[in-house]
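Colleague:
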Amino acid sequence: MARTHNPKTHLAPHIERKSRTQKAQKRGAHKGPKKAAAAAKDEIAPHKEVTVGGANNGQTRLVPTQKAPRYYPAEDVKRPKKHRKTNHPTRLRGSLTPGQIVILLAGRFKGKRVVFLKQLPSGLLLVTGPYKVNGVPLKRVNQAYVIATSTKVDIDGIELDESINDSYFSKPKSTSPKSKEEEYFSGGKPTTKEAHPAEKAKLQKDVDAKVIDAIKKVDNLGKYLKASWGLSKGQFPHTLSF
């Protein structure tokens, strides 16, 4: 009886030399099925010449090869699509009210306790440290990145300047070169950093003075705002009450 040999693709019974992925790659299955090249379509001329009888008819005439649509717009102007999107104002969380002390969870000042002043038209929160207490200036924060505490400052009598809005925080357009190297070096020397606008510094002092007066009415509230917040081992924010 002739002895049958194992093919080269098998190492042992039910064990093949190449995996299913290797076999698929070898036969090019990852490239997808082969598609036949589309046959080149002959270009159809828009008009054809037709002979016309009659001595006074010019003998030939150009006739369109494709029939024109029966109905067409009187004015061939594209109509813009109707804009159906509406800007829904961001809803403020129920736990956030003006004067609430919140904890920042992200950014440069994460872990700091700040005073929530109001919600801006963009939906962001306007907060302040105050700057004189813990170094946090007037800034905008997304309400998703704050923890509302049960501590509150009475700021009902504080009126904020109307200029403190979203445009107050917009960055001025730089007239310097676009290249980072050219922007950093001008004439072989580092460029001087632009000074903080005096108007914004004055507004910061005015707001802080009003907020600090309200903070002083509560015992140890200034120390509470100075202290940074953090989690110790075994502590979880969802199990804590703030």
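Using the UniProt record's numbering, you'd call the opening residue of the sequence shown number 1 and step up by one each time. A virtual CB, placed ideally from N, CA and C, is assigned to each residue, including glycine.
Only counting runs of 4 or more residues, tell me where the alpha helix (DSSP H) segments fall wholly within the UniProt region "Disordered" (1-93), in order along the chain.
Modeller: As far as the UniProt region "Disordered" (1-93) is concerned, its whole alpha helix (DSSP H) runs of at least 4 residues are 20-26.
Colleague: Under 6 Å Cβ to Cβ from Lys118, same chain only, skipping five residues before and after it: list those, please.
Modeller: For the purposes of this step, residue 118 is taken as the residue at position 118 of the sequence shown. Same-chain partners within the cutoff: Pro98, Leu126.
Colleague: Name the two residues that bound the continuous alpha helix (DSSP H) containing Val133.
Modeller: The count along the sequence shown starts at 1 and reaches residue 133 at position 133. Looking at the DSSP string, the run of the alpha helix (DSSP H) that includes Val133 is 131-134.
Colleague: Need the endpoints of the alpha helix (DSSP H) that Val115 sits in, please.
Modeller: Within the sequence shown, numbered from 1, the residue matching residue 115 stands at position 115. No alpha helix (DSSP H) contains Val115, which is instead part of the beta strand (DSSP E) from 113-119.
Colleague: In three-state terms, what does DSSP make of Ile147?
Modeller: Within the sequence shown, residue 147 is the residue found at index 147, counting from 1. Three-state DSSP puts Ile147 in a strand.
Colleague: Quick check on Gly129: buried or exposed, where buried means 16 or more other Cβ atoms within 10 Å of its Cβ?
Modeller: In the sequence shown, the residue the question calls residue 129 occupies position 129. Buried, by the Cβ-count rule.
Colleague: Compare the beta carbon distance of Val136 and Val211 with 8 Å and say whether it is the shorter of the two.
Modeller: Along the sequence shown, read from residue 1 onward, the residue named residue 136 stands at position 136. Along the sequence shown, read from residue 1 onward, the residue named residue 211 stands at position 211. In this structure, Val211 does not lie closer than 8 Å to Val136 by Cβ.
Colleague: Name the DSSP beta bridge partners of Arg108, please?
Modeller: The count along the sequence shown starts at 1 and reaches residue 108 at position 108. Note: Arg108 sits in no beta bridge, so no partner.
Colleague: Using only the alpha-carbon positions, how far apart do residue 252 and Asn87 sit?
Modeller: Here the chain comprises residues numbered 1 to 242, so residue 252 is not present and cannot be evaluated.
Colleague: For Asp166, collect the residues of the same chain with a Cβ closer than 7 Å to its Cβ; drop the 5 residues on either side in sequence, then sort them by chain order.
Modeller: In the sequence shown, the residue the question calls residue 166 occupies position 166. Leu120, Pro121, Ser122.
Colleague: DSSP on Ile155, reduced to helix/strand/coil?
Modeller: Translated into positions along the sequence shown, residue 155 becomes position 155. Looking at Ile155 - three-state DSSP - the assignment turns out to be coil, as it is neither helix nor strand.
Colleague: So Ile103 and Val153 are supposed to be a Cβ contact under 8 Å. How far apart are they, rounded?
Modeller: Here the question's residue 103 lines up with position 103 in the sequence shown. Here the question's residue 153 lines up with position 153 in the sequence shown. Not quite, the Cβ-Cβ distance comes to about 14 Å (not below 8 Å), so this is no contact.
Colleague: Measure the alpha-carbon distance for Gly94 versus Asp219 and round it to whole angstroms.
Modeller: On the sequence shown, residue 94 is found 94 positions in, with the first residue counted as 1. On the sequence shown, residue 219 is found 219 positions in, with the first residue counted as 1. Answer to the nearest angstrom: the Cα atoms are 26 Å apart.
Colleague: Quick one: what's got a C-beta closer than 7 Å to Phe169's C-beta in the same chain, skipping five residues either side?
Modeller: Taking the sequence shown and counting its residues from 1, one reaches residue 169 at position 169. If we look at Phe169 and ignore the five residues flanking it on each side, its Cβ neighbours are Arg140.
Colleague: Let me know if Lys81 comes out buried or exposed under the rule of 16 or more other beta-carbons within 10 Å of its beta-carbon.
Modeller: One-based indexing of the sequence shown puts residue 81 at position 81. Result: exposed.
Colleague: At the level of alpha carbons, what is the spacing between Tyr71 and Leu96?
Modeller: Mapped onto the sequence shown, residue 71 falls at position 71. Mapped onto the sequence shown, residue 96 falls at position 96. Their backbone Cα atoms lie some 60 Å apart in a straight line.
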